[in-house]
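Here my numbering is used: the first residue of the sequence shown is 37, the next is one more, and so on.
Built from N, CA and C at the ideal position, the CB exists for glycine as well.
Everything on this sheet refers to the single structure shown next.
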Amino acid sequence: MSSTRYTLQVCAIGAILGGCSGGASAPSLSPAASLNPASGRAHAWARHTVGLGKILSSKSGLQIFGFDVNRSGTDGLLATANDTTSDVETFDQGSASITSSYPTKNPPGNSYKVDAIVAGDVGLVTRYVVPKGKIYAKRFYDIMNPVTAQKFTASWKPPIRDVDILQAGVNQTTGKDAYFAIELKNQDQPDVIVGDVASARPFKVFHLDPNLFGGGNGPQFDVDTGSDQGVVALSPDGGAVGGAAPVNVLIDLKTGKQTQFTGLNNGYYGSGYVNGLAVDSASGIAATTTELNAQVEFYDLAKQTGTFAQLPCTGSSSQI
């Protein structure tokens, strides 16, 4: 599933932080402009009514495998599946209603996952095809340009073969997409793929160290469009109890150059795994959630400094 699923964990903290009268106070999830006064970034915070809004359910009632919304419009995209069927559905954000569902006839062995909606309301969807008599799926990538077309309009061929996109950096402002992926037939070699799925321009591929960015360390990925960097937060020892502090890695999306700084490791058991990551490109602030201390961390990516908030009704040895 795309990075969206992990971002949900961070975004949901907004409701949790104020949800228990016995909890300690915590900073807003939208960091104040003063956190990064010299960045020169535009600060335009979205405001909405606090509390649960309308609830969207898939038309099929099946489990959802990836979704995203058009931040400049009202449309959204999701995929569903079970053991026998799968579909791609578009929806309206305002009414929380499904607007289309396709394909009408899905061949046996086909299923889908939504990776992202990128700039220009372009949707990227992974199509899994299990050949007859086989158990492992081949991966194909379909384009919806735009999502409101309510159908696949093209296909995308990744710059490397047998690649599985695990997470997409959230970027709907520029024509530069970034994806965290692994090479399935190359010992799950981790990569960052940079380009524009809506154009025919060549993509850049930055190969990452599998000893650091391997799946056992639980890497979480997003992008900071303000500095044109990929951001990875991970646990260098596989989330071990009492283990090493998380590591935050900044990846220059032009050159692939990496910069690392150590994250916070609070609590009796330490942080453990990084369970979620979201980057606010307007302020240059990254937010993470960590497993073994029930905390939310806020990092100024330019200064490479951080602070944290303890979730209400929890202690630094609680788990989330």
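Residue burial annotation: residue 163 is buried, with at least 16 other C-beta atoms found within 10 angstroms of its C-beta.
Where residue 247 is concerned, the enclosing alpha helix (DSSP H) starts and stops at 246-249. Rounded to whole angstroms, the Cβ separation of residue 113 and residue 104 is 6 Å, and the two are in contact under 8 Å. Taking residue 277 as reference, the option from 244, 196, 327 and 243 with the minimal CA-CA separation is 327. Between residue 265 and residue 288, the CB-CB gap stays under 8 Å. With a 10 Å radius around the Cβ and a threshold of 16 neighbouring Cβ atoms, residue 160 comes out buried. Rounded to whole angstroms, residue 218 and residue 226 show a C-alpha spacing of 4 Å. Buried is the label assigned to residue 151, since at least 16 other Cβ atoms lie within 10 Å of its Cβ.
DSSP places residue 343 within a strand segment (E or B) once states are collapsed to three.
Ranked by Cα distance from residue 187, the options 201, 216, 157 and 170 are led by 157. Residue state for residue 116 is assigned as strand, using DSSP reduced to three classes. For the set 192, 91 and 349, the Cα lying nearest the Cα of residue 236 is the one of 192.
For the pair residue 325 and residue 233, the Cα-to-Cα distance works out to about 30 Å. CA-to-CA, the gap between residue 206 and residue 262 works out to about 12 Å.
Taken through DSSP and simplified to helix, strand or coil, residue 207 comes out as coil. In the structure shown, residue 146 adopts extended strand secondary structure according to DSSP, grouped into three states. Spanning the alpha carbons of residue 241 and residue 213 requires a straight line of approximately 12 Å. For the options 317, 346 and 290, the alpha carbon positioned closest to that of residue 301 is the one of 346. Taken atom to atom, the span from the alpha-carbon of residue 135 to that of residue 110 is near 11 Å. Put simply, of 133, 176 and 267 the residue whose alpha carbon is nearest the alpha carbon of residue 317 is 267. The DSSP-derived three-state label of residue 184 is helix. Here the alpha carbons of residue 282 and residue 172 stand approximately 33 Å from one another. Take the alpha-carbon of residue 252 and the one of residue 181: they are about 35 Å apart. Rounded to whole angstroms, residue 126 and residue 145 show a C-alpha spacing of 22 Å.
Within the region 118-178, the complete beta strand (DSSP E) segments of 3 residues or longer fall at 122-128, 133-138, 146-154 and 158-165, listed in chain order.
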